[in-house]
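Residue numbering for the sequence shown follows the numbering used here, starting at 61 and increasing by one per position. The structure appears right after this line, and notes come after that.
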Amino acid sequence: MLMARLKARVGTCLLVVVVLGVVATKPEAVGDDWNRFRGPNGSGVIEATGLPLDFGPETNVVWKTTVAPGFSSPVISGDRLLLTAFENDQLITTSLDRQSGRILWRQAVERTRVDRPDSRNHSAAASAAVDAVGNVYVFFGEFGLIAYDREGVEQWRHPLGPFDNIYGMGASPIVADNLVLLACDQQNGSFLLAVDADTGEVRWKVDRPEAKSGHSSPVLYDPPDGPLQVLMAGSFLLTAYDVATGEKRWWVGGLPFEMKSTPVMDGDTLYVHGFSTPLNQPGRQVEVDSWEDTIAVHDANGDGLIAPDEFPQERTRGFFSFVDLDADGQLDEDSWNYYRAAMMSLNGMVAIRLGGSGDMTEENVVWRYHRSVPQLPSPLLYQGVLYMINDGGIATSFRPSTGEVIERGRIRGAVDSYYASPVAADGKIFFVSEMGKVAVVRPGGGFEVLALNDLGSPTYATPAIADGRIYIRTEETLWAFGED
């Protein structure tokens, strides 16, 4: 229903463009294009044919283009590819011709500050989002939101931050009902923001006080009997908000305290996983006393706070700075209660039935699974099978209705770390490893490798797919592979 509704809106908009030469509204960027992180509604799946099995630096190369550094994934708008990057203090957005790889335009803004650095992330981690007429919306954690038209002319900018996310900011924007939606989960002051796609002015902003240091990008849900909703996976909760108003409609608890993957949906069910720390595995959790008991026993100087030398948990002492929510070097009651909840949370994949009102935890959780859960790569649902691959390369396939494991193990010939999320089309699943090995796997849950390709370069970005080609960003190159 979501795709049908959105395709209708896109078609109407394009008809207006052709007949009248003007655009009345910008419909949401969900449909048949790979126009946001992981393509249609973040699924990693698209209708395409003719994708190559075998490819690499010398095989089935349509073109290759040298690009500036960045971890963001390419997105597609018609005959163009969009990519964000950084170079020194320049935060760069690049548009390339999809047929030739030629750079059509390149725009840059100056980095306004340096937020908390982390070698595993940087300002060019978020993918762009593109609307139906080719307008481009980009987010840089050390600047904010910027909009360009199809030709690269800046339309508006909306500064944001500074942010306090231990890993840097990584969630990507999406477009819905002429709004640009952006999740900004951080140590303190997390929020979900909607700005006008035409002007950059704030339409609404909702606080997310329970959410900390997340990277999950939102997805859209079009219920049969209500308004379009934006779904956000964050610390402890999956939350549904009204796209038009930001009103919190319903939520489901039981998620880990760090959420980095983007959910996938199938009909009325959503699948999402999260991994916080090894201590959040079943049987390894650390029991944490209440605030009252902790203060009574461990507050040596009687100031009503817990200092680092008063912290009672030796096994989790390294978490002190992470749970020190106001970064003042001491833990107050709020910080302690967050620490306690974090230690009680469980890593896991969870299947959630969509819809409802208020707290739907008891009614909507279908199943949970806790082994070999990824921290970064998002799940994939393709041809009736649910897949995940963790950072260490252990892949698991499930029957999505029950959570029954079909197979679990490593992909033959591609034993490596994984940061990119899997994608699928044309009866092929593509798993891309850190060292640039791309395993093309047969669907069905068995992890049969149809082809193993080696790009010969570190790869962190998730591929994009369109029209018989797969586009992969390696450390210094954007590749287009196809059989033509």
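The C-beta atom is built at its ideal place from N, Cα and C for all residues, glycine as well.
Check	Outcome
Neighbour-count burial assignment, residue 338, 16 or more Cβ in a 10 Å radius	exposed
Residue range of the beta strand (DSSP E) that includes residue 309	308-313
C-alpha gap between residue 88 and residue 487, whole angstroms	The pLDDT assigned to residue 88 is 34, lower than 50, so where the model puts this residue is not dependable; a value taken from the coordinates is nonetheless given after this. Taking the straight line joining both Cα atoms gives about 27 angstroms.
N-terminal and C-terminal residue of the alpha helix (DSSP H) that residue 162 is part of	Neither: residue 162 is in no alpha helix (DSSP H) and is coded neither H nor E.
From 188, 103, 332, residue whose alpha carbon lies closest to that of residue 151	188
For residue 488: DSSP bridge partner residues	485
Cβ neighbour criterion (16 or more within 10 Å) applied to residue 90	Any reading at residue 90 must be qualified, since the residue scores a pLDDT of 37, below 50, and its modelled position is unreliable; no value is offered.
Exposure label - residue 265; buried when at least 16 CB within 10 Å	exposed
Delimiting residues of the beta strand (DSSP E) encompassing residue 467	464-470
N- and C-terminal bounds of the beta strand (DSSP E) containing residue 366	First-last for residue 366: undefined, no H or E at that position.
Beta-bridge pairing of residue 128 - partner residues as DSSP gives them	According to DSSP, which records beta bridges pairwise, residue 128 is partnered with nothing at all.
Environment of residue 378 [buried if 16+ CB atoms lie within 10 Å]	exposed
The segment 399-408 contacting the segment 416-425, beta-carbon criterion three pairs below 8 angstroms	no
Residue 458: first and last residue of the uninterrupted beta strand (DSSP E) it sits in	454-459
4-residue-minimum alpha helix (DSSP H) runs that sit fully inside the segment 377-452, ordered along the chain	380-383, 393-404, 421-424
Start-to-end residues for the beta strand (DSSP E) that takes in residue 290	289-294
Beta strand (DSSP E) segments (min. 3 residues) lying fully within the segment 230-272	234-236, 239-244, 251-256, 262-267
Neighbour-count burial assignment, residue 513, 16 or more Cβ in a 10 Å radius	buried
Close beta carbons around residue 162, own chain, < 7 angstroms, minus the five adjacent residues each side	156
Contacting residues, own chain, Cβ-Cβ under 8 angstroms from residue 283 (five flanking each side not counted)	289, 414, 415
contact_flag[the segment 348-357, the segment 298-309] where n(CB pairs < 8 angstroms) is 3 or more	no
In DSSP terms, what residue 155 is bridged to	142, 165
The segment 385-398 in contact with the segment 426-442 per 3-pair CB rule at 8 angstroms	no
Backbone secondary structure at residue 134 - three-state DSSP	coil
Distance, residue 543 Cα to residue 225 Cα	42 angstroms
Every unbroken beta strand (DSSP E) within the segment 473-538, with a cutoff of 3 residues, ordered by chain	483-485, 488-492, 497-501, 509-514, 524-526, 529-533
Residue 245 to residue 278 span [Cα, whole Å]	12 angstroms
Rounded separation between residue 115 and residue 539 - CA only	10 angstroms
Start-to-end residues for the alpha helix (DSSP H) that takes in residue 355	351-358
Beta-carbon proximity of residue 402 to residue 336, cut-off 9 angstroms	yes
Selected residue, minimal CA-CA separation from residue 400, among 376, 386, 193	376
When 197, 327, 120, 328 are compared against residue 238, the one with the closest alpha-carbon	197
Closest Cα partner of residue 107 within the set 442, 534, 234	442
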